[in-house]
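Protein chains in written order, with my numbering: chain F, 1 to 110; chain C, 111 to 227.
C-beta atoms are modelled at their ideal positions from N, C-alpha and C, and glycine is treated no differently.
Here the structure is a predicted model, which is why all the values come from computation and not from measurement.
Data block below; observations after.
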Amino acid sequence: DAKTTQPTSMDCAEGRAANLPCNHSTISGNEYVYWYRQIHSQGPQYIIHGLKNNETNEMASLIITEDRKSSTLILPHATLRDTAVYYCIVRVTGTYKYIFGTGTRLKVLA
Amino acid sequence: GAGVSQTPSNKVTEKGKYVELRCDPISGHTALYWYRQSLGQGPEFLIYFQGTGAADDSGLPNDRFFAVRPEGSVSTLKIQRTERGDSAVYLCASSPTEGGRGTDTQYFGPGTRLTVL
Numbered sequence: 001d002a003k004t005t006q007p008t009s010m011d012c013a014e015g016r017a018a019n020l021p022c023n024h025s026t027i028s029g030n031e032y033v034y035w036y037r038q039i040h041s042q043g044p045q046y047i048i049h050g051l052k053n054n055e056t057n058e059m060a061s062l063i064i065t066e067d068r069k070s071s072t073l074i075l076p077h078a079t080l081r082d083t084a085v086y087y088c089i090v091r092v093t094g095t096y097k098y099i100f101g102t103g104t105r106l107k108v109l110a
Numbered sequence: 111g112a113g114v115s116q117t118p119s120n121k122v123t124e125k126g127k128y129v130e131l132r133c134d135p136i137s138g139h140t141a142l143y144w145y146r147q148s149l150g151q152g153p154e155f156l157i158y159f160q161g162t163g164a165a166d167d168s169g170l171p172n173d174r175f176f177a178v179r180p181e182g183s184v185s186t187l188k189i190q191r192t193e194r195g196d197s198a199v200y201l202c203a204s205s206p207t208e209g210g211r212g213t214d215t216q217y218f219g220p221g222t223r224l225t226v227l
């Protein structure tokens, strides 16, 4: 079944790059990897998604390994406002069920 | 424009009571999802609507949970005979595209915190 594994927590110094890994070894060939983040007491917020190629937008970059079994979300210059729980998400093939997992709690330190 | 809204923001009820949670999606969004989030956990999928129909209700935990979207916009999640284990934040998300495709970005509401005493 679809599943993602992420470290429970990470710290990052303000202004430095935050690299958040995710393992999704059971992902099937045509499923995307999505990243969302959730700031305390708010609903999750979309960050980025990708299939095979690396992706970049105004918020972050996404690096997906060639075998698609893992990916890394990169926040190039972390700010205090990036402190949140970051979720790597995959869909169960053939359904509309998205699996969030427990996420990584990122704390950006001043 | 206006985002996804959910009402009430907080709901406290007693065990055994019936509750309704409302979701107003972004105007024009055809796809709508409900999730449940327990403390310290990620959101857990409950149900997906494409238009008026529930295309996937595989996440509903049991038959006490039901959701409707009669006109393809507002959705209501209904919980009968509430139990203490139903206490959680219930999140709604909408998307402008049909679910299951690579571009179906979900826009989440702030959630309804349900507490069953």
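Examine chain C for any beta-carbon lying closer than 7 Å to the beta-carbon of Tyr86 of chain F, and answer yes or no.
no
State yes or no: is the C-beta of Ile64 of chain F within less than 7 Å of the C-beta of Ala2 of chain F?
no
Cβ shell of Leu109 of chain F (< 8 Å), same chain only, five flanking positions each side left out
Asp11, Cys12, Ala13, Glu14
Give the C-beta separation of Glu208 of chain C and Gln160 of chain C to the nearest angstrom, bearing in mind that I take them to be a contact with Cβ-Cβ under 8 Å.
6 Å
How big is the Cα-Cα spacing for Tyr128 of chain C and His40 of chain F?
28 Å
Beta strand (DSSP E) containing Phe175 of chain C: first to last residue?
175 to 178
Beta strand (DSSP E) runs contained entirely in the segment 151 to 215 of chain C, provided each spans 3 or more residues
154 to 160, 163 to 166, 175 to 178, 185 to 189, 198 to 205
CB-CB length for Leu201 of chain C against Gly43 of chain F, believed under 8 Å
6 Å
How about Lys3 of chain F: is its C-beta nearer than 7 Å to some C-beta of chain C?
no
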